[in-house]
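Engineer:
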Amino acid sequence: MKKGFVFDLDGVITDTAKYHYIAWKELAAEIGIEIDLKFNEQLKGISRMDSLERILTLGNKNDAYSSEEKDALASKKNTHYVQLLQSLTPDDLLPGVKTFLEEAKHKGIPCAIASASKNAPFILDKLGVMQDFDVIVDPATLSKGKPDPEIFIQAAKGLNIEPSDAVGFEDAQAGIDGIKAAGMYAVGVYSGEELHGADTIVEKLTDLSIDELLAK
Ligand code: BG6
Ligand code: MG
């Protein structure tokens, strides 16, 4: 029997990828780099600074900025992103999320957030689901980002369970790879791009039976 659930945030609990995209697209355009939706897929699950590096690589501009200038670019993107997040409400939870979390609580199954986003507490608060999570891993404490399993291992530790006793939920390939490397059962939440290596794939959490998942 599985004993805990570990969730990615962006793309699993709520659809913030569109806001990340708007903010990165504008920032990239300001420095003469054009990104499209296909390229944006690569940024899912990847930290803020790694995302900027990938954009700079796309535009052949990795060496064009000092680390202070890169910090300033990343922080400019974040200011715009946080502005876009102001309008989030509980209505922005993805279908089935609230019911799933309530059912998990009812069954005594603890839940964690394993997100690369430093904005996770702010977003969970806006969505009104902060109290539904027992653990929120602080990405600032990690030495490696997804696809490294570190964030998922830390989430399991926070829940006081073995990673192999957890079910992980992810919409990004880097996240699925991290969940599997941690030794967890992986649920892929399909958002339009193919996901490889997930144990099961769903379009929304309403497609899942908690009892069946716990029995995996
Ligand atoms: C992940 C997103 O959840 O968080 C990435 O999928 C994002 O696109 C990363 O870059 C970091 O987010 P933030 O909010 O700290 O810039
Ligand atoms: Mg995600």
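Letter by letter, the sequence shown follows residues 7 to 222 in this note's numbering.
Here a beta-carbon is modelled for each residue, glycine too, at the ideal position from N, C-alpha and C.
For Asp42, which option in Gly134, Leu148, Lys24, Glu74 has the closest C-alpha, if you only look at C-alpha atoms?
Structural biologist: Mapped onto the sequence shown, residue 42 falls at position 36. Considering only alpha carbons, the answer is Lys24.
Engineer: Evaluate the contact criterion for the segment 149-169 versus the segment 101-113: three or more CB pairs, one atom per stretch, below 8 Å.
Structural biologist: As far as the Cβ criterion goes, the segment 149-169 does not touch the segment 101-113, which means the pair count is below three.
Engineer: Could you check what DSSP says for Glu176 in three-state terms: helix, strand or coil?
Structural biologist: Start at 1 with the first residue of the sequence shown, and residue 176 comes out as number 170. Reduced to three states, the DSSP call for Glu176 is strand.
Engineer: Is any heavy atom of the ligand ZN found at a distance shorter than 6 Å from the C-beta of Ala178?
Structural biologist: For the structure depicted, the ligand ZN is absent and the ligand set comprises only the ligand BG6 and the ligand MG.
Engineer: Shorter than 6 Å, the distance from the beta carbon of Lys50 to the closest heavy atom of the ligand MG, or not?
Structural biologist: Residue numbering aside, residue 50 sits at position 44 when the sequence shown is read from its first letter. The answer is yes for Lys50.
Engineer: Taking the alpha carbon of Leu64 as the point to measure from, which residue in Gln48, Ser197, Asn125 has its own alpha carbon closest?
Structural biologist: Here residue 64 refers to the residue found at position 58 when the sequence shown is read from its first residue. The residue with the shortest Cα to Cα distance from Leu64 is Gln48.
Engineer: Report yes or no: do three or more beta-carbon pairs, one from the segment 188-208 and one from the segment 172-180, lie closer than 8 Å?
Structural biologist: Cβ pair count under 8 Å is three or more, so yes.
Engineer: Which two residues bound the contiguous alpha helix (DSSP H) that contains Gly194?
Structural biologist: In the sequence shown, counting from the first residue as 1, residue 194 sits at position 188. Element bounds for Gly194: not the alpha helix (DSSP H) but the beta strand (DSSP E), 191-195.
Engineer: For Ile119, which of Asp154, Arg60, Ile19 has the nearest alpha-carbon?
Structural biologist: Along the sequence shown, read from residue 1 onward, the residue named residue 119 stands at position 113. The option with the nearest alpha carbon to Ile119 is Ile19.
Engineer: State the DSSP-derived secondary structure class of Thr206, mapped to helix, strand or coil.
Structural biologist: In the sequence shown, counting from the first residue as 1, residue 206 sits at position 200. Strand, per DSSP.
Engineer: Out of Ala161, His202, Gly194, point me to the one whose CA is closest to Ala122's CA.
Structural biologist: If you number the sequence shown from 1, residue 122 lands on position 116. Answer by Cα proximity: Ala161.
Engineer: Should Lys152 be listed as close to the ligand BG6, given that the test is whether its C-beta is under 6 Å from any heavy atom?
Structural biologist: Within the sequence shown, numbered from 1, the residue matching residue 152 stands at position 146. No, the Cβ of Lys152 stays beyond 6 Å of every heavy atom of the ligand BG6.
Engineer: Relative to the C-alpha of Arg54, which candidate in Leu79, Glu74, Asp205 has its C-alpha closest?
Structural biologist: By one-based count along the sequence shown, residue 54 stands at place 48. The shortest Cα separation from Arg54 among Leu79, Glu74, Asp205 belongs to Leu79.
Engineer: Taking the C-alpha atoms as reference points, what is the distance between Lys67 and Leu91?
Structural biologist: To locate residue 67, count along the sequence shown from 1; it is residue 61. To locate residue 91, count along the sequence shown from 1; it is residue 85. Straight-line Cα distance between these residues: approximately 29 Å.
Engineer: Following the continuous alpha helix (DSSP H) through Phe13, name the residue where it begins and the one where it ends.
Structural biologist: Translated into positions along the sequence shown, residue 13 becomes position 7. Per DSSP, Phe13 belongs to no alpha helix (DSSP H); it is in the beta strand (DSSP E), 10-13.
Engineer: Does any heavy atom of the ligand MG sit closer than 6 Å to the C-beta of Gly17?
Structural biologist: One-based indexing of the sequence shown puts residue 17 at position 11. The answer is yes for Gly17.
Engineer: Is Ile6 helix, strand or coil when you go by DSSP?
Structural biologist: It is not possible to answer for residue 6, since the shown part of the chain is limited to 7 through 222.
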